[in-house]
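Residue numbering for the sequence shown is 515 to 653, as defined by my numbering. For each residue, glycine too, the CB sits at the ideal point set by N, CA and C. All values derive from a computational prediction rather than experimental measurement.
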Amino acid sequence: FKKGIENDDEVLKDLLNQVYANASYEHLKMNEGNFVSLTEFVFKVGGLGSTNVRVEEQTNIGRIDMVMQLFDKIYVIEFKFNSNQDALLQIKKKKYPEKFVHLGLPIKIVGIDINAVKGDNNVRTIINLKCDDYEHGEV
């Protein structure tokens, strides 16, 4: 997972889709929180360590789905589940990364859009995963 996160959006997308494809339909109920929890678990057991991955990180204007520090970078991750909203755009609009600017580390923002429409044979898959570098003050 470290290689996928660091180097290639498509590799990360494929890795996470493999995890979701192997998750039990009965255990992975159809909501955003379960996908966040499963992803958190995978990152932690994948060698990222429990202190490097945090979920539901509070800010002054909202809650970040997931934050992790890896390879001297901060990753701010937002999930969108069956939504027309753009996860990456939400990170930028709410300026979630500003909470971490004082650390002086590069910040990457990651938006993950998940499709799990019941009429779609209950397919749970990432339909869009975008990464970008965050510049202080960016909107």
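For residue i, report the span of its alpha helix (DSSP H) as first-last.
i	result
residue 583	Run containing residue 583: none in the alpha helix (DSSP H); it sits in the beta strand (DSSP E), 577 to 584.
How long is the line joining the alpha carbons of residue i and residue j, rounded to whole angstroms?
i	j	result
residue 560	residue 591	17 angstroms
residue 558	residue 578	18 angstroms
residue 650	residue 612	7 angstroms
residue 524	residue 641	11 angstroms
residue 593	residue 620	21 angstroms
residue 626	residue 644	7 angstroms
residue 570	residue 580	6 angstroms
residue 618	residue 587	9 angstroms
residue 576	residue 527	25 angstroms
residue 534	residue 614	29 angstroms
residue 554	residue 609	22 angstroms
I need the DSSP call for residue i, collapsed to helix, strand or coil.
i	result
residue 659	The question about residue 659 has no answer here: the residues shown for the chain are numbered 515 through 653.
residue 625	strand
What is the C-beta distance between residue i and residue j, in whole angstroms, given that I count them as a contact (C-beta under 8 angstroms)?
i	j	result
residue 602	residue 646	6 angstroms
residue 549	residue 628	6 angstroms
residue 648	residue 622	7 angstroms
Would you say the beta carbon of residue i is closer than 6 angstroms to some non-hydrogen atom of the ligand MG?
i	result
residue 585	With respect to the ligand MG, the structure shown offers nothing to examine, as it has no ligands at all.
With residue i as the anchor, note down where its beta strand (DSSP E) starts and where it stops.
i	result
residue 610	Here residue 610 belongs to no beta strand (DSSP E), and DSSP marks it neither H nor E.
residue 642	639 to 648
residue 615	Run containing residue 615: none; DSSP gives neither H nor E here.
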